[in-house]
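First comes the structure, then the notes that go with it.
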Amino acid sequence: MTENFNLNREIPPDWHSKLEEIARLRQTSIDCIVAEAIAQYLGEDTPPHDRRLEVLENRVSQLSQNLDRLQKILSQLQLQNLSDDRDRPLPPSPTTPTVSPPPNFSPMDEVIYDEPDEILYDFLEPEATE
1 MTENFNLNRE IPPDWHSKLE EIARLRQTSI DCIVAEAIAQ YLGEDTPPHD RRLEVLENRV
61 SQLSQNLDRL QKILSQLQLQ NLSDDRDRPL PPSPTTPTVS PPPNFSPMDE VIYDEPDEIL
121 YDFLEPEATE
């Protein structure tokens, strides 16, 4: 049976800050960090108490659940969008444009448009000269 002993030692404040930072990053206690350092110094072959892998596995699991939820929401929105599109009338086809006549259009306007722009003098009868 292994017996644990308490170790009390004063350390400089900057060492304490560094230990706190390491403990925060590894999400463990300062005691575990110090015990790990002493074991490494003494050449002990003890596995470090590192929870980073466990934390990463939990985070990946949460992200996977979030992704599943977002995929379900996306598929529901796509189905809703498709059903909304079926209810909407189709826009007019671009190949069959609808042309409306100009305002105040009368059939006589077509007669005016049919007249030639120039006079063809060769087809006129010569004028009588006196």
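So the sequence shown is numbered by UniProt numbering: it starts at 1 and just counts up by one.
Quick reminder that beta carbons are idealized off the backbone N, C-alpha and C, glycines included.
The structure displayed is predicted, hence computed values, not measured ones.
Do Ile33 and Leu56 come within 9 Å of each other at the CB atom, strictly closer than that value?
no
Using 10 angstroms around the beta-carbon of Glu36, count the other beta-carbons present and answer buried if the total reaches 16, otherwise exposed.
buried
Considering only heavy atoms of the ligand GTP, does any lie closer than 8 Å to the CB of Leu56?
The ligand GTP is not part of this structure, which contains no ligands at all.
Met1 by DSSP, collapsed to three states: which one?
Residue placement at Met1 is flagged as unreliable, the pLDDT there being 47, under the threshold of 50; the coordinate-derived value follows with that caveat. Reduced to three states, the DSSP call for Met1 is coil.
Residue interval of the alpha helix (DSSP H) (run including residue 164):
Only positions 1 to 130 of the chain appear in this structure, which leaves residue 164 out of reach.
Delimiting residues of the alpha helix (DSSP H) encompassing Tyr41
Ile30 to Tyr41
With a Cβ-Cβ cutoff of 9 Å, do Leu25 and Arg59 count as a contact?
no
Leaving out the 5 sequence neighbours to the left and right, which residues in its chain are closer than 7 Å to Met1 when beta-carbon positions are compared?
Below a pLDDT of 50, predicted positions are generally treated as unreliable, and Met1, at 47, falls in that range; no measurement from the model is reported.
When the Cα of Asn6 is compared with those of Asp14, Glu21 and Asp31, which residue comes out closest?
Asp31
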